[in-house]
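Asks: Numbering (UniProt numbering), first residue to last: 1 to 520.
#1: From this set, 61, 157, 106, which residue's C-alpha is nearest residue 306's C-alpha?
#2: In angstroms with no decimal places, state the Cα-to-Cα distance between residue 415 and residue 362.
#3: Just the Cα atoms here: how many angstroms apart are residue 57 and residue 343?
#4: Where does residue 134 sit, in a helix, a strand or coil, going by DSSP?
#5: If you reduce the DSSP assignment to three classes, tell me which class residue 509 lands in.
#6: Just the C-alpha distance for residue 228 and residue 155, rounded to the nearest angstrom, thanks.
#7: To the nearest angstrom, how far is it from the Cα of residue 421 to the Cα of residue 516?
#8: Buried or exposed, going by whether 16 or more other CB atoms sit within 10 Å of the CB of residue 396?
#9: Residue 354 and residue 520: beta carbons closer than 7 Å?
#10: Hey, how far is the Cα of residue 458 from the Cα of residue 411?
#11: Among the candidates 257, 304, 407, 137, whose CA atom is the shortest distance from the CA of residue 381?
#12: Assuming residue 141 is part of the beta strand (DSSP E), what are its boundary residues?
#13: Would you decide whether residue 95 is buried or exposed? Buried here means 16 or more other CB atoms lie within 10 Å of its CB.
#14: Grouping DSSP H, G and I as helix and E and B as strand, with all else coil, what is residue 402?
#15: Judging by CA-CA distance, which residue of 338, 269, 505 is the nearest neighbour of residue 130?
#16: Between the stretch 485-493 and the stretch 387-402, do at least 3 Cβ pairs fall closer than 8 Å?
#17: So, is the C-beta of residue 148 closer than 7 Å to a C-beta in chain B?
#18: Compute the Euclidean distance between the alpha carbons of residue 509 and residue 425, then round it to the nearest angstrom.
#19: Can you give me the C-alpha to C-alpha distance between residue 207 and residue 31, rounded to a whole angstrom?
#20: Within the continuous beta strand (DSSP E) that includes residue 36, where are the two ends?
#21: What's the call for residue 110, buried or exposed, on a 16-neighbour Cβ count within 10 Å?
#22: Please check the pair residue 151 and residue 236, which I expect to be a contact at CB under 8 Å, by giving their CB distance rounded to whole angstroms.
#23: Could you tell me how far apart the beta carbons of residue 460 and residue 388 are, in whole angstroms, since I believe they sit closer than 8 Å?
#24: Can you grab the Cα-Cα spacing for the pair residue 386 / residue 142, in whole Å?
#25: Among 123, 222, 264, which residue has its Cα nearest to the Cα of residue 63?
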């Protein structure tokens with residue numbers, strides 16, 4: 001049994017470790033990138049997804065659960081639209097004679113191992129029930145009939161929320177629908193093996209970044225709930241954690257309090273699924289790491305959340321107290337920023353494969369960082385609490401900013417210079433991917449894993465990875481809201497990046513990497 005610190009160390013990448021792995025992909029055993037239930041009834045809401053017209057740069061710049069740019073929506077959240085723009089197929093392209101289907105959110109290796117489930121009350125076109133979104137068809141598998149929202153409210157320790165805070169401000173207990181993000185391990189482990197537990201939160205994060213943006217853009221309350229008892233959610237969805245497990249909850253909407261009797265007994269279900277591939281391979285370290293981060297019940301979830309607030313108020317995680325000179329950035333104001341709607345931005349989003357060396361403007365650079373890194377709306381980050389990750393930028397080509405390594409401070413929108421950099425070294429840090437050095441900027445989200453686990457347990461590690469994944473997803477959206485920019489997430493050499501950012505990062509290790517600039 002491993003704790004998160006041991007798991008993280010055992011799955012570090014370095015050029016030497018990758019050479020020692022001696023691993024070849026078996027294309028004949030490649031898993032299907034979506035699950036197929038054999039006999040469940042299906043729901044097709046009908047009509048086309050209808051995304052809000054809110055600009056993407058406004059929709060992603062929300063650090064709390066309440067929408068900041070749109071009037072509160074009186075109607076139930078549109079579950080079909082939310083799922084389509086979070087995890088659905090948004091484009092089909094022919095590449096070298098083959099048709100390829102691309103999803104709304106980026107995923108490591110284009111393996112699409114994270115699924116969305118909706119636990120709904122009476123919500124729009126959906127009757128109360130538990131549904132699985134099938135991105136391949138755009139339809140929903142009906143796992144259960146009935147209102148099971150109370151199961152999630154109890155699991156998250158949120159059953160008292162309505163009484164204590166009022167229906168409008170309650171999270172899970174007041175939402176007409178709560179989404180569950182879950183990873184089916186083998187669909188990613190086929191290529192990335194034990195490192196899949198990391199990827200689960202990165203890839204869930206890009207999906208949830210889209211989900212939050214579309215929900216907030218539509219005027220709905222939405223936030224990420226990281227504190228919940230895992231076993232009741234597993235039972236509700238009929239999952240086997242050795243194969244698939246829940247990662248996060250996202251309640252959307254408010255004003256629909258869970259009835260007092262809406263916590264029915266959960267009878268076991270085990271729906272038949274079509275095999276993903278001919279010979280799935282088990283990687284026990286992945287479900288082991290997940291199990292070590294479980295919370296045992298709603299009280300434990302509420303206690304973890306409350307303890308997080310107490311500890312975070314005293315911790316020095318990510319704080320900088322030196323007097324280093326800083327560069328003030330000047331992002332575009334909300335009135336004159338790009339008006340590209342969030343739906344169109346999701347549809348435009350790509351994964352840039354080649355960058356020119358042309359510089360981007362300082363205002364583009366500042367705007368992308370300002371909107372994407374303003375803070376993640378999560379249950380653990382209530383009030384003025386900051387997150388667990390810090391941001392470092394390797395700047396190669398930004399007008400008016402000298403090439404170098406900087407820490408970005410999101411509150412005051414400032415850069416603090418901490419070292420030198422060059423394009424060749426940037427490519428080396430990304431495991432020899434020269435294209436990373438070709439980009440104008442490399443953004444590393446880093447966390448002190450040892451400090452996070454010491455303060456907040458293995459569950460804190462989940463949250464740090466998920467926070468970085470959501471920031472990664474928002475960086476995609478903020479980048480592709482600009483017509484002239486492109487970006488992509490990359491993998492990296494953990495130890496080399498950690499050493500490169502030392503001593504300033506003070507134990508910080510990379511969670512995610514995003515490179516952006518002008519496409520070649």
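Virtual Cβ for every residue (Gly too), placed ideally from N, Cα, C. Keep in mind the model is a prediction, meaning the values are calculated, not measured.
Replies: Reading from the atomic positions:
#1: That would be 157, whose Cα lies nearest to the Cα of residue 306.
#2: Each residue's Cα considered, the two are about 12 Å apart.
#3: When rounded, the separation of the alpha-carbon atoms in residue 57 and residue 343 is 12 Å.
#4: Here residue 134 sits in strand by DSSP.
#5: If DSSP states are grouped into helix, strand and coil, residue 509 belongs with the strands.
#6: So the two alpha carbons sit approximately 5 Å from each other.
#7: Roughly 16 Å separates the two Cα atoms.
#8: Counting Cβ neighbours within 10 Å, residue 396 comes out buried, since at least 16 surround it.
#9: The Cβ-Cβ distance between residue 354 and residue 520 falls below 7 Å.
#10: Rounded to whole angstroms, residue 458 and residue 411 show a C-alpha spacing of 28 Å.
#11: Considering only alpha carbons, the answer is 304.
#12: Taken as a continuous stretch (DSSP letters only), the beta strand (DSSP E) holding residue 141 covers 139-145.
#13: Under this definition residue 95 is an exposed residue.
#14: Secondary structure of residue 402 (DSSP, three-state): coil.
#15: The shortest C-alpha to C-alpha distance from residue 130 to any of 338, 269, 505 is the one to 269.
#16: Proximity of the stretch 485-493 to the stretch 387-402 falls short of the contact definition, fewer than three beta-carbon pairs being nearer than 8 Å.
#17: Absent from the structure is chain B; it holds one protein chain and no more.
#18: Cα to Cα, the separation comes out at about 17 Å.
#19: Looking at the backbone, the Cα of residue 207 and that of residue 31 are separated by about 20 Å.
#20: That residue, residue 36, is in no beta strand (DSSP E); it is neither H nor E in DSSP.
#21: Residue environment for residue 110: exposed (fewer than 16 other C-beta atoms within 10 angstroms of its C-beta).
#22: Right, the Cβ-Cβ distance comes to about 5 Å (below 8 Å), so this counts as a contact.
#23: About 7 Å separates the two Cβ atoms, so the contact holds.
#24: Here the alpha carbons of residue 142 and residue 386 stand approximately 38 Å from one another.
#25: Residue 222 is the option with its Cα nearest to residue 63.
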